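Every letter in the sequence shown is one number past the one before it in our numbering, and letter 30, counting from 1, is 50.
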Amino acid sequence: MPDMATTPVASPDARAPELSERADLHTHSRVSDGTDTPAQLVRAAADAGLGAVALTDHDTTDGWAEASAALEALPAGSRPKLVRGTEISVRADGVSVHLLSYLHDPQDPTLSAALARARDSRAHRARRMVDLLAEDFPVTWEDVLAQAQEGTTLGRPHIADALVAAGVVPDRSAAFASVLMSSSPYYVPYEAPGHVEAVEFVRAAGGVPVIAHPFAAARGRVLTRRALGEMIDAGLAGLEVDHRDHTPADRERAAEVARRHGLLTTGSSDYHGSGKPNRLAENTTGFDVLERIAELGRLPVLG
Ligand code: AMP
Ligand code: FE
Ligand code: FE
Ligand code: ZN
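Laid out in structure tokens, this is it:
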């Protein structure tokens, strides 16, 4: 990313760098459980004044081509840089952990096979959850499929949307607070790769692995110290520190772990369009960190 070297540095007395020097490194489109198309998401990032955005749909790289094309269609002056990424669900000693990977080779056979397996397992799991829900609520598998475009990484949000359409709950949040929560009798887990294996296959595919919201206890059990250490030993590159599901104490802990182990730190919105309250650019990452990610990744940052 040679042009980044010329990025102007904020004056020392500036309170915060301009948004144009900031990256939002965690977002979702309709290719998984967001509600914007990849093209709409890229345009929304430009409208938000972001200097860079990463598209990180769950367990897929399918949105990358549309996002890249949308980037090229924007006028050069208002074009954010595009980081192609994926948020991979992994299991660490029974705890669900989200691993962001940036700039990996989407054709890498091990990585692409793992993502394909994950999507397949998610589809089977969604089907089983709908079978259970259908015993008590007016919802069918066809209703869920109607909420997702062909090839989408299916998740609980699509089941939530079908329940909203059927009038069972008012919105996604209400669905997650009741029938879709992980302790619900309708909940079914899906298969995910192990935490060490995932860091290894991301690295082998030239990706830059960063754990999403590592200490967000509000989301459920968080990864153990041991599992984190194993991921660091396997080649973890960074931790997402600034995320709305992290308390100030969670952020301090993540920043401290990163300092101790020489890891990169990021901040991101985890934008899902209208599917969640998270707004683009509500948390961001400096271009100094983006530059390190660009150096480490196999694919270039676009734009
Ligand atoms: P799944 O991976 O299918 O188990 O579903 C988890 C996904 O649901 C996460 O990626 C979140 O984006 C989404 N999610 C979790 N909680 C909520 C919520 N309260 N409202 C809307 N979406 C949520
Ligand atoms: Fe999501
Ligand atoms: Fe996540
Ligand atoms: Zn996410």
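Beta carbons are placed, not taken as given, at the ideal position from N, Cα and C, and that holds for glycine. Every value quoted in this text rests on a predicted model; they were computed, and no experiment measured them.
query, result
"Check your reading: residues with Cβ closer than 5 Å to ligand 4 heavy atoms", "Glu107, Asp290"
"Extent of the continuous beta strand (DSSP E) to which Leu119 belongs", "115 to 122"
"Delimiting residues of the alpha helix (DSSP H) encompassing Ala86", "Per the sequence presented here, residue 86 reads as Glu, with Ala not at that position. From DSSP, the alpha helix (DSSP H) with Glu86 extends over 84 to 93."
"Length of the line joining the Cα atoms of Ala154 and Arg273", "42 Å"
"Cα-Cα separation, Arg142 to Ile179", "12 Å"
"Cβ pair count under 8 Å reaching 3, the region 197 to 210 against the region 74 to 83", "no"
"Cβ neighbour criterion (16 or more within 10 Å) applied to Pro209", "exposed"
"Complete runs of the alpha helix (DSSP H) confined to the region 227 to 267 [at least 4 residues]", "245 to 254"
"Contact check, Glu220 vs Ala254, beta carbons under 8 Å", "yes"
"Check whether Pro122 and Gly227 have beta carbons under 8 Å apart", "Pro is not the amino acid found at residue 122; the sequence shown has Tyr there. Yes. Within cutoff."
"N-terminal and C-terminal residue of the beta strand (DSSP E) that Asp44 is part of", "42 to 44"
"Assumed close pair His48, His263 - CB separation to whole angstroms, cut-off 8 Å", "At roughly 13 Å, the Cβ-Cβ gap does not stay under 8 Å, so His48 and His263 are not in contact."
"Contact the region 181 to 189 vs the region 234 to 242: 3+ CB pairs below 8 Å", "no"
"Meets three-Cβ-pair contact criterion under 8 Å: the region 130 to 148 and the region 167 to 177", "yes"
"First and last residue of the uninterrupted alpha helix (DSSP H) at Leu310", "307 to 316"
"Neighbour-count burial assignment, Gly114, 16 or more Cβ in a 10 Å radius", "exposed"
"Local Cβ density within 10 Å of Glu162, reported as buried at 16 or more and exposed below that", "exposed"
"Distance CB(Val110)-CB(Gly214) smaller than 8 Å", "yes"
"CA-to-CA distance, Gly97 to Thr27, given in whole angstroms", "Here the model assigns Thr27 a pLDDT of 43, short of 50, so the residue's position is not dependable, and the following value carries that caveat. Approximately 14 Å between the Cα atoms of the pair."
"For Leu284, the three-state DSSP class (helix, strand or coil)", "strand"
"Cα-Cα separation, Leu256 to Leu310", "16 Å"
"Supposed contact pair Leu70 and Arg42 - C-beta distance, whole angstroms, cut 8 Å", "6 Å"
"Neighbourhood of Val199 by C-beta distance below 6 Å, restricted to the same chain and skipping five residues each side", "Tyr206"
"Thr106: first and last residue of the uninterrupted beta strand (DSSP E) it sits in", "101 to 112"
"Neighbour flag for Gly287 against chain C, beta carbons, 8 Å", "This model lacks chain C altogether, as it is built from one protein chain only."
"Heavy atom of ligand 3 within 7 Å of His178 beta-carbon", "no"
"Span of the beta strand (DSSP E) around Leu75", "72 to 75"
"Coil, strand or helix - Leu322 by DSSP", "strand"
"Whole-Å CB distance - Ala89 paired with Leu102, under 8 Å assumed", "Not a contact, Cβ separation roughly 10 Å."
"Given Gly171 as reference, the closest of Gly295, Asp53, His118, Ala301 once Cα atoms are compared", "Asp53"
"Neighbour-count burial assignment, Ser289, 16 or more Cβ in a 10 Å radius", "buried"
"Bridge-paired residues (DSSP) for His292", "Ser294"
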